[in-house]
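Peer 1:
There are 2 protein chains.
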Amino acid sequence: MRISQLSAESGVPIPTIKYYLREGLLPQGEQTSATRAEYGTAHLHRLRLIRALLEVGRLPVAAIRKVVEAVEDERTGVHTMLGTAHYALASPPDPHAGDEDWEEAREHVDRLIAELGWAVSPHAPGRDELAQTLLTLRRLGMAAIDADLLPYAAAAMNLARDHEMGMIPFDGPRDVAVETLVVCTVLYGKALEVFRRLAHESESARLLTPARDHAEVRTQDT
Amino acid sequence: MRISQLSAESGVPIPTIKYYLREGLLPQGEQTSATRAEYGTAHLHRLRLIRALLEVGRLPVAAIRKVVEAVEDERTGVHTMLGTAHYALASPPDPHAGDEDWEEAREHVDRLIAELGWAVSPHAPGRDELAQTLLTLRRLGMAAIDADLLPYAAAAMNLARDHEMGMIPFDGPRDVAVETLVVCTVLYGKALEVFRRLAHESESARLLTPARDHAEVRTQDT
């Protein structure tokens, strides 16, 4: 298809497509004459991936380039390719080298992951993110012991194992696998966050004289 | 205690305490002379609550004032008070009045919550947040049917029922209950998000020829 049709089918404006071509995020089309190039479904898949990384993952162009490079390099295994996208979604804290509380929290996280038996790289940014969360909980006076954390680890693993890994089409194009991973991670993550708040409200209503008090929230809120 | 001791015990600088007093977020101390006021543990609790809403909840001062008003007004039931904090943490999308896809997504959410039997106010901002997430999933070509959403609802309710509601000290000061709710919601929510990414990595390693490929992530990442 021509660039105009690629734009129509993908919903991405032509100038934006040209920008992605210049930035190397989108591979060049097949040149059929001096002024004309042909694009195919691979380009459509790539545009969907870029949109997912940009709009859902909210990644900067430099991070998108890294993910696209992993997708394009067929020597990069699928696990590593997915890991590149996952790591790009992380927001690890600034390093706290030499801070004793930080070192202790990070060791706590490493020990916990080892005890869970999870196959997670020692360099996974999630380890630092989790250590930071632990540290903040403690500074606010919450114990944040393993008994508090394990239910979250168990819930996450159940969702990953029984539900989420099955969503990713491993046998299709590499772009599509990464796009699905990013969309699932971010948007079902958002759904989970909202369901938690709704579940809190519901349980709070059930525990705390529901009928009268529940009506109060409604009135106050309108 | 004097304001200087309140500052030392809470870790909040005196000018910030004075700002909270002016803004009405912190109740005035007991005036013991023209230039001296006494503060107590209630002030310490309030300062901890304000810090949690500010640093963990990342709420603007106007939203913090609303939460503080609900905490201070003893006629506000505990369920409504907690709901005020919860609703302040929400980030509902802009209204989409008249947009058919939006109306359909919102009806889908309302039906789902009714089928779950959850006691959630019709005005809970989470309903709109969930509808927006559904809409985005669909625009990206994901079916996002009930079978996809229900595991998240179940995981959230299990955590709320078996674990999270028990963390909140309902029999203590009102400030402490709200502070705990906000800290638990936000920080354990962050822990859950990170555990999900770690669980994905671990499952991906398990499914996709772990040994070799897993080592690749490590090498690439150093």
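Residue numbers (UniProt numbering), protein chains in the order written: chain A, 1 to 222; chain B, 1 to 222.
Cβ coordinates follow ideal geometry from the N, Cα and C atoms, glycine included.
1) With 16 as the cutoff for other CB atoms within 10 Å, does A97/B come out buried or exposed?
2) State the DSSP-derived secondary structure class of T76/A, mapped to helix, strand or coil.
3) Starting from the C-beta of L134/A, find all residues in its chain whose C-beta is less than 7 Å away, skip the five residues before and the five after it, and write them out in chain order.
4) Do you know offhand how far E72/A's Cα is from L44/A's?
5) If you drop the 5 nearest sequence neighbours on each side, which residues of the same chain put their C-beta closer than 6 Å to that of R48/A?
6) Which ranges would you report for the beta strand (DSSP E) in the region 22-105 of chain B if only whole runs of at least 3 residues count?
7) Would you decide whether S33/A is buried or exposed? Buried here means 16 or more other CB atoms lie within 10 Å of its CB.
8) Who are the Cβ neighbours of L112/A in its own chain at under 7 Å, not counting the five residues just before and after it?
9) A90/A and V183/A look like a contact to me (Cβ under 8 Å); what is the Cβ gap, rounded to whole Å?
10) In this structure, does DSSP put H163/A in helix, strand or coil?
11) Consult DSSP for V183/A and reduce its assignment to one of helix, strand or coil.
12) Would you say residue 267/B lies against chain A (beta-carbon separation less than 8 Å)?
13) Spatial neighbours of T80/A within its chain, please: C-beta separation below 8 Å, excluding the five flanking residues on both sides.
14) So, helix, strand or coil for S202/B, using DSSP?
15) Note down the Cα distance separating L181/A from L25/A, rounded to an integer number of angstroms.
16) How far does the alpha helix (DSSP H) with D128/B in it extend, from its first residue to its last?
17) In whole angstroms, what is the alpha-carbon distance linking E38/B and V68/B?
18) What are the boundary residues of the alpha helix (DSSP H) that includes I168/A?
19) For V56/B, which residues in the same chain have their Cβ closer than 7 Å to its Cβ, ignoring the five residues on either side in sequence?
20) In the DSSP assignment, the alpha helix (DSSP H) including I3/A goes from what residue to what residue?
21) Taking Cβ positions only, does T136/A come closer than 8 Å to chain B?
22) Using a cut-off of 7 Å between C-beta atoms, extract the partners of L163/B located in chain A.
23) Can you tell me which of the three DSSP states E107/B falls into?
24) Determine, for H200/B, whether the minimum Cβ-Cβ distance to residues of chain A falls below 8 Å.
25) Measuring only the C-alpha atoms, how far is E129/B from E203/A?
26) So V120/B and E201/A are in contact, right, with Cβ under 8 Å, and what is the actual spacing, rounded?
27) Quick one: using the 10 Å Cβ neighbour count with 16 as the cut-off for buried, is P151/B buried or exposed?
28) So K190/A contacts chain B; which residues on that side make the cut at Cβ distance below 8 Å?
29) What number of angstroms, rounded off, separates the C-alpha of S10/A from the C-alpha of T16/A?
30) Could you tell me if the beta carbon of E55/A falls within a distance shorter than 7 Å of some heavy atom in the ligand ATP?
31) Could you run through the region 62-92 of chain A and flag, in chain order, every residue whose CB is less than 8 Å away from some CB of chain B?
32) If you count every other CB in all the chains shown that lies within 10 Å of the CB of A8/A, and 16 or more means buried, which is it?
33) On the criterion of 16 or more Cβ atoms from any shown chain inside 10 Å, does M165/B qualify as buried, or is it exposed?
34) Mark G126/A as exposed unless 16 or more other C-beta atoms lie within 10 angstroms of its C-beta, in which case mark it buried.
35) Could you compute how far the alpha carbon of E74/B sits from the alpha carbon of Y20/B?
Peer 2: The answer reads as follows:
1) Counting Cβ neighbours within 10 Å, A97/B comes out exposed, since fewer than 16 surround it.
2) Note: T76/A maps to coil in three-state DSSP.
3) Non-local beta-carbon contacts of L134/A in its own chain, meaning distances under 7 Å to residues more than five positions away in sequence, involve A105, H108, V109 and A144 in chain order.
4) Approximately 15 Å between the Cα atoms of the pair.
5) Contacts found: E179.
6) Complete beta strand (DSSP E) runs here, min 3: 30-33 and 36-38.
7) By the 10 Å Cβ count, S33/A comes out exposed.
8) Excluding positions up to five away in sequence, the list reads D146 and L149.
9) 17 Å between Cβ atoms; not a contact.
10) Residue state for H163/A is assigned as helix, using DSSP reduced to three classes.
11) Reduced to three states, the DSSP call for V183/A is helix.
12) With chain B covering 1 to 222 only, the question about residue 267/B has no answer from this structure.
13) Within its own chain, the residues whose Cβ lies closer than 8 Å to the Cβ of T80/A, once the five positions on either side in sequence are excluded, are A70, listed in chain order.
14) Looking at S202/B - three-state DSSP - the assignment turns out to be helix.
15) Rounded to the nearest angstrom, the two C-alpha atoms are 19 Å apart.
16) From DSSP, the alpha helix (DSSP H) with D128/B extends over P125 to R139.
17) Whole-angstrom Cα-Cα distance: 21 Å.
18) Boundaries cannot be given for I168/A, as no alpha helix (DSSP H) includes it and DSSP labels it neither H nor E.
19) Here the set comprises V182, V183, V186 and L187.
20) Note, I3/A: alpha helix (DSSP H), I3 to S10.
21) It does: the Cβ of T136/A has a partner Cβ on chain B nearer than 8 Å.
22) Note that residue 163/B is His in the sequence shown here, rather than Leu. For H163/B, the chain A residues whose C-beta falls within less than 7 Å of its own C-beta are P151, listed in chain order.
23) E107/B: helix per DSSP, three-state reduction.
24) Chain A contact via Cβ: present.
25) A direct Cα-Cα distance of roughly 19 Å separates E129/B from E203/A.
26) Between V120/B and E201/A, the beta carbon gap of about 5 Å places them in contact (Cβ cut-off 8 Å).
27) With 16 or more other Cβ atoms within 10 Å, it is buried.
28) From the beta-carbon of K190/A, the residues of chain B found nearer than 8 Å are E129 and T133.
29) Rounded to the nearest angstrom, the two C-alpha atoms are 11 Å apart.
30) Among the ligands in the structure shown, none appear at all, so the ligand ATP cannot be discussed.
31) Interface annotation for the region 62-92 of chain A against chain B: T76, G77, V78, H79, T80, L82, G83, T84, H86, Y87, L89 and A90, criterion Cβ-Cβ distance under 8 Å.
32) By the Cβ neighbour-count rule, A8/A is exposed, with fewer than 16 other Cβ atoms within 10 Å of its own.
33) Using a 10 angstroms sphere on the CB of M165/B, the tally of other CB atoms reaches 16 or more, which defines it as buried.
34) Taking all protein chains in view, the Cβ of G126/A is crowded by 16 or more other Cβ atoms within 10 Å, so the residue is classified as buried.
35) Taken atom to atom, the span from the alpha-carbon of E74/B to that of Y20/B is near 21 Å.
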